[in-house]
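Asks: Under this note's numbering, think of the first position of the sequence shown as 357, with each following residue one higher.
Before I ask anything, let me first share the structure, which is written out below as structure tokens.
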Amino acid sequence: YSEARVYRDACEKRPQEYWDYEQSVVIKWGKISNYEIINKIGRGKYSEVFSGECIINPEDHHHHQQQQQHEKQQPCVIKVLKPVKMKKIYRELKILMNLTGGPNVISLLDIVQDQSSKIPALIFEEVKNMDFRQLYPTFKLPDLQYYFTQLLIALNYCHSMGIMHRDVKPQNVMIDPKEKKLRLIDWGLAEFYHPGVDYNVRVASRYHKGPELLVNLNQYDYSLDLWSVGCMLAAIVFKREPFFKGSSNADQLVKIAAVLGTKELLSYLNKYGLRLPSEYDNIMRDFIRRPWDHFTGSYTNLAVPEMIDLIDNLLRYDHQERLTAQEAMDHPFFKANYESNSDESNQ
Ligand SMILES: CN1CCn2c1nc1c(Br)c(Br)c(Br)c(Br)c12
Ligand code: NA
């Protein structure tokens, strides 16, 4: 049995309609004619994503025909949901309505419905996102302090609102480096946290799955998201994207054990009265725990002691041992001064 160390009663202390998405999702549908799709920017298992424009007060267009071309349109992102169970759609909508406007959470501007297909489309604020594979290699320590503080602010907020994101990964963290803007997106796998509930372990994306998901520890909590943050940091600091690259869910745990150790995995399982699932019998080997400096190689520019300690306190098998989002924000790494010293910048 396991319970969250923080925000245990975040849902219980709110009215039932806050978290009971099966009963009480009231949708105020917007007008699909207010939006125009420009082009496709992404496709996922559950949705197709487009860049779009919001046509502001279309009634003005009748009088000034030529103005139409010059009318300032609001750029937006249009997420067209694929027809999955309405229950899952209601969950995402409810969570977005609860969180929209929160710090560094993507803003939901409107919900519209395609007349023929009846499929809902979600309209979001636009973020001029720079692909993480291009952006992350440019990060120096001050950038890591800034952007991971912004990510932790978003996670502490949603956790305080009783919501686990459950799919934290670079693809779901939109960053506009020009505006130094970060937004956590894709709440399609997010769920409300209730103590003692057994959750589906088939969540998150393989490389960012916490050990709890891979050993079928169903009573996980917000701390799952902090494992994923640890994976993101380790990938940047040790220049290995992704940091744990499993070829399957089972192999994912093997890759984690190759770093954190097999003995340590078994004591984690023991603590929660779990056994290694049978699919590991032939693939789990006896790994020794690797010290983090094993991964720094020749360079250590980002691998400063405070960063190593932060990663070490996020990438813990035992979800109860991991730093919470608030504890991570209070970690010495974020208090240190790494502003590039003068001689370095002259080189
Ligand atoms: C696949 N890509 C690339 C950029 N981008 C993608 N999906 C997005 C979603 Br969902 C939202 Br909401 C926003 Br905002 C942006 Br920007 C998005
Ligand atoms: Na989204």
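From the three backbone atoms N, C-alpha and C, an ideal C-beta is built for every residue, glycine too.
(1) Heavy atom of ligand 1 less than 8 Å from the Cβ of glutamine 527, yes or no?
(2) Could you check the C-alpha separation between tryptophan 543 and aspartate 466 for me, to the nearest Å?
(3) Unbroken alpha helix (DSSP H) runs of length 4 or more, entirely within the segment 572–615: which are they?
(4) Return helix, strand or coil for asparagine 702, following the three-state DSSP convention.
(5) Ordered along the chain, which non-local residues of its own chain (more than five positions away) have a Cβ less than 6 Å from that of glutamate 404?
(6) How would you write the range of the beta strand (DSSP E) that aspartate 499 sits in, first residue to last?
(7) Among Asn454, Lys384, Glu409, which has the Cα closest to the Cα of proline 431?
(8) Which residues in the same chain as lysine 534 place their Cβ atom closer than 8 Å to its Cβ, once the five residues preceding and following it in sequence are excluded?
(9) What would DSSP say about isoleucine 394, mapped onto helix, strand or coil?
(10) Could you check how far apart the C-beta atoms of alanine 510 and asparagine 460 are, in whole angstroms? I think they sit under 8 Å.
(11) In whole angstroms, give me the CA-to-CA distance for valine 382 and cysteine 514.
(12) Can you find at least 3 beta carbon pairs, one from the segment 482–497 and one from the segment 442–459, that sit closer than 8 Å?
(13) Please return the same chain residues whose Cβ sits closer than 7 Å to the Cβ of methionine 640, not counting the five positions on each side in sequence.
(14) Kindly examine ligand 1 and report whether one of its heavy atoms sits closer than 8 Å to the Cβ of asparagine 316.
(15) Report the option in Gln501, Tyr502, Tyr363 whose CA atom is closest to the CA atom of phenylalanine 548.
(16) With a threshold of 8 Å (Cβ to nearest heavy atom), would methionine 453 be considered close to ligand 1?
(17) One question on the structure: do serine 579 and alanine 366 come within less than 9 Å of each other, judged by their Cβ atoms?
(18) Give the C-beta separation of glutamine 608 and phenylalanine 600 to the nearest angstrom, bearing in mind that I take them to be a contact with Cβ-Cβ under 8 Å.
(19) So, with DSSP's three-state summary, where would you put leucine 465?
(20) Could you name the residues that DSSP lists as bridge partners for phenylalanine 548?
(21) Is valine 524 buried or exposed, if buried means 16 or more other CB atoms sit within 10 Å of its CB?
Replies: Looking at the coordinates:
(1) Yes - ligand 1 has a heavy atom lying nearer than 8 Å to the Cβ of glutamine 527.
(2) 15 Å
(3) Restricted to the segment 572–615, the alpha helix (DSSP H) segments that are unbroken, complete and at least 4 residues in length are 579–593, listed in chain order.
(4) For asparagine 702, the predicted structure reports a pLDDT of 45, less than 50, and the residue's modelled location is therefore unreliable. A value from the coordinates is still provided. Note: asparagine 702 maps to helix in three-state DSSP.
(5) Val436
(6) According to the DSSP assignment, aspartate 499 belongs to no beta strand (DSSP E) but to the alpha helix (DSSP H) extending over 497–516.
(7) Per the C-alpha coordinates, the member of Asn454, Lys384, Glu409 positioned closest to proline 431 is Glu409.
(8) Only Lys484 meet the Cβ criterion.
(9) strand
(10) 4 Å
(11) Those two C-alpha atoms are separated by around 21 Å.
(12) no
(13) Val610, Ala613, Thr618, Leu632
(14) Missing from the structure shown is residue 316; the chain here goes from 357 to 703 and no further.
(15) Tyr363
(16) no
(17) no
(18) Cβ-Cβ separation between glutamine 608 and phenylalanine 600: approximately 6 Å, consistent with a contact (criterion under 8 Å).
(19) strand
(20) Partner residues in the beta bridge of phenylalanine 548, as assigned by DSSP, are Ile519.
(21) buried
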